[in-house]
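I have placed the structure first, in the form of structure tokens, so that the comments after it can refer back to it.
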Amino acid sequence: MRALPTFQSRPSTIAWSPRYLGRAVAALARDIGVLDKTREVYRVADLAHEYGFTDIDGRHVPAFELDES
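Everything in the sequence shown is counted per our numbering, starting at 1065 for the first residue and increasing by one.
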């Protein structure tokens, strides 16, 4: 399980509330050009920057990526 060591090394910087994901869904629902996003994978962090929303504590949470080690 490669994700566990990555998460354990910096949990407070990569964890987010359920509302962060909800805000991404709401932003997509409001976007009249959402069909242009079909067939792609989007990370919540990338959508947050594109649509300008933050988590409930005001943070832009970085996208989760596994350490290369």
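By construction, the Cβ of each residue, glycine as well, lies at the ideal position given by its N, Cα and C atoms.
(1) State the DSSP-derived secondary structure class of aspartate 1095, mapped to helix, strand or coil.
(2) How close, in whole Å, do the beta carbons of arginine 1107 and alanine 1127 come, if the pair is a contact with beta carbons under 8 Å?
(3) On the three-state DSSP scale, how would you describe glycine 1086?
(4) Using 8 Å as the threshold, is the C-beta distance between arginine 1094 and isoleucine 1120 below it?
(5) What residue does the alpha helix (DSSP H) around valine 1105 start on, and which one ends it?
(6) So, is alanine 1112 buried or exposed, given that buried needs 16 or more other C-beta atoms within 10 angstroms?
From the atom records:
(1) Sequence index remark: in the sequence shown, residue 1095 carries index 31 (1-based). In the structure shown, aspartate 1095 sits in coil (DSSP, three-state: anything other than H, G, I, E or B).
(2) On the sequence shown, position 43 is the one that residue 1107 refers to. On the sequence shown, position 63 is the one that residue 1127 refers to. Confirmed, Cβ separation roughly 4 Å.
(3) Here the question's residue 1086 lines up with position 22 in the sequence shown. In the structure shown, glycine 1086 sits in a helix (DSSP, three-state: H, G or I).
(4) Within the sequence shown, the letter at position 30 stands for residue 1094. Within the sequence shown, the letter at position 56 stands for residue 1120. No, they are not a contact pair.
(5) As a first step, residue 1105 is located in the sequence shown; it is residue number 41 there, counting from the start. Looking at the DSSP string, valine 1105 is not in any alpha helix (DSSP H), and its letter there is neither H nor E.
(6) Residue mapping note: residue 1112 aligns to position 48 of the sequence shown, counting from 1. Buried.
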